[in-house]
Amino acid sequence: MPDFMDKVAVVTGASRSIGRGIALEFAREGCSVVVNYSKSREEADEVVNTIREMGGRAIAILCDVSKRDEVEAMFTRVIEEFGKVDILVNNAGIAARGSILDTSDEVWDRHMAVNLKGVFLCSQVAARHMVERRYGKIVNISSNSGFGVAMDGETSYGVSKAGVIQLTKSCAYDLGKYGINVNCVAPGAVNTVMLKGSRSDEEYESVLQGRRARSSLGMIGTPEDIANAVLFLANDKSRYITGKILLVDGGRRDFL
Numbered sequence: 022m023p024d025f026m027d028k029v030a031v032v033t034g035a036s037r038s039i040g041r042g043i044a045l046e047f048a049r050e051g052c053s054v055v056v057n058y059s060k061s062r063e064e065a066d067e068v069v070n071t072i073r074e075m076g077g078r079a080i081a082i083l084c085d086v087s088k089r090d091e092v093e094a095m096f097t098r099v100i101e102e103f104g105k106v107d108i109l110v111n112n113a114g115i116a117a118r119g120s121i122l123d124t125s126d127e128v129w130d131r132h133m134a135v136n137l138k139g140v141f142l143c144s145q146v147a148a149r150h151m152v153e154r155r156y157g158k159i160v161n162i163s164s165n166s167g168f169g170v171a172m173d174g175e176t177s178y179g180v181s182k183a184g185v186i187q188l189t190k191s192c193a194y195d196l197g198k199y200g201i202n203v204n205c206v207a208p209g210a211v212n213t214v215m216l217k218g219s220r221s222d223e224e225y226e227s228v229l230q231g232r233r234a235r236s237s238l239g240m241i242g243t244p245e246d247i248a249n250a251v252l253f254l255a256n257d258k259s260r261y262i263t264g265k266i267l268l269v270d271g272g273r274r275d276f277l
C-alpha cells in the first residue's frame, strides 16, 4: 500500500468491467481515484460509492475521451480537486465487429476516435501536468487483437488497438526524460460486458468455451487479473520499465 498512498489515479472508462476493476484495486491500495465515464452516471456513482465505503477518495467525471475540450475540462477538474495527477490508465474503449468487406466509415471512425485518439488526447493532457512534476505513470489498455491474433471480424478494433501499442512506445520515448513511465497491458479474453455483447447466454457460454480452449491455462480472465497487471506497471517498483507491452491473456496459443 505505501507505493500508492497519496497518489491520484485517473481511470478512463471506469464505470464497469475492466475499468471498474482497475479503479477499485487502486482504491484498495490507497489511491484517490477519478472514475471517468461517458454514458452511465449511475454505474460510475456506484463505483465511487464503493470506494468511499472502503474509506477512499473518488469522484466521477463525465467525459468523451475522443473530444479534446472534454478531456481538457476533465483534467482541469482533477487538478482542482486533487492538485495533481500521478497515474493515468487509458482504458476507455469500444468494440464493434466487422470485416474489411463490411466495416462502415462510421464504425471505423468511432473505433479510431475512442480507442486511439482518446489515448492520445488523455496522454497528452495528463503528461503536461506530469512533466511539471517530473513524475508520472501512464498505462494504456490495448488487446491481443492489436497483435493480429487469428480472429475474424475485428478489423477496425484490431487496428485501433495496434495503434495503441505503437502510441505507447512513442510516448515512452518522448516522456522518459521527464521521469514518466508509459507502458501497456494487452488483455486476452476477459469476462466482461464488452465480450458478451448482444449474445444470448447460451451463445456467450459457447464463446467462453472457445476462448478457454485457446488459453494455455484453460482460463478466462477477470477484470481483477488485468487490474493487477496495471498496478504493477503503475507501481514505483517498476520504475525501470517503459515502452513495454504486457500480454495478459492466459498464454493464448493461436497467434498468426
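So the sequence shown is residues 22 to 277, counted in our numbering.
Glycine included, each C-beta is placed from N, C-alpha and C at the ideal position.
Given a cut-off of 8 Å on the beta-carbon distance, is the pair residue i and residue j in contact?
i, j, result
"T189", "V203", "yes"
"G114", "V135", "yes"
"Y58", "A35", "yes"
"G2", "L238", "With the chain covering 22 to 277 only, the question about residue 2 has no answer from this structure."
"G169", "I186", "no"
"R235", "R260", "no"
Mapping the DSSP letters down to three states, classify residue i as helix, strand or coil.
i, result
"A35", "coil"
"Y58", "strand"
"N111", "strand"
"L267", "strand"
"K88", "coil"
"G242", "strand"
"G157", "strand"
"C205", "strand"
"A48", "helix"
"R260", "coil"
What does a CB cutoff of less than 6 Å around residue i pick up in its chain, not counting 5 residues either side in sequence?
i, result
"G42", "P244, E245 and A248"
"A30", "F47, C52, V54 and I108"
"N256", "D24"
"M193", "For clarity, residue 193 is Ala in the given sequence; the question names Met instead. If we look at A193 and ignore the five residues flanking it on each side, its Cβ neighbours are V203, T263 and G264."
"L267", "V206 and A250"
"R155", "Y199 and G200"
Which residue or residues does DSSP assign as beta-bridge partners of residue i?
i, result
"G119", "E175"
"L83", "Y58"
"S181", "S181 is not bridged to any residue."
Which residues in the same chain as residue i place their Cβ atom closer than 7 Å to its Cβ, once the five residues preceding and following it in sequence are excluded?
i, result
"G174", "R118, G119 and S120"
"F141", "L188"
"E102", "I80"
Leaving out five residues on either side along the sequence, give the residues of the same chain with a beta carbon under 8 Å from the beta carbon of residue i.
i, result
"L122", "none"
Self-check item: At least three beta-carbon pairs within less than 8 Å, the region 62 to 76 to the region 112 to 126
Solution: no
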